[in-house]
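Student: Have a look at this one before I ask anything.
In this note's numbering, the protein residues as written are -8 to 80.
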């Protein structure tokens, strides 16, 4: 269950301004979180997959930068997003 257009639309509806808003920081963070969870499950099965480990670290870093941006610009949305996506920070 990787990122399909239906999953992207669902995240855009719940976290974005419209169902086609995939560029806002909230939606991007939700999409990154979904991909991170998927890759984490993959790495639990295949521990020696170094390319996936590197991709996972890249995604975590990108999500961290977006979360820092959200924290600077809109603290209330940042806290709500952490709670709904169950991200530890």
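Backbone N, C-alpha and C define an ideal beta-carbon position, used for all residues, glycine too.
Distance check for residue 31 and residue 25, CA to CA, integer angstroms please.
Tutor: Near 10 Å, if we compare the C-alpha coordinates of residue 31 and residue 25.
Student: For residue 7, count neighbouring Cβ atoms within 10 angstroms of its own Cβ and tell me buried if that reaches 16, exposed if not.
Tutor: Classification for residue 7: buried.
Student: Using the beta-carbon count (16 or more within 10 Å), is residue 42 buried or exposed?
Tutor: Residue 42 comes out exposed.
Student: Can you tell which of 23, 10 and 71 has the C-alpha that lies nearest to the C-alpha of residue 55?
Tutor: The shortest C-alpha separation from residue 55 is found at 23.
Student: When you compare only the Cα positions, how much space is there between residue 80 and residue 70?
Tutor: Looking at the two C-alpha atoms, the distance is approximately 10 Å.
Student: In the DSSP assignment, the alpha helix (DSSP H) including residue 1 goes from what residue to what residue?
Tutor: Here the alpha helix (DSSP H) through residue 1 covers -4 to 6.
Student: Ends of the alpha helix (DSSP H) at residue 15?
Tutor: Unbroken run through residue 15: none, as it is neither H nor E.
Student: Is residue 37 near residue 47, with beta carbons less than 8 Å apart?
Tutor: Against a cut-off of 8 Å, the Cβ pair of residue 47 and residue 37 comes out as no contact.
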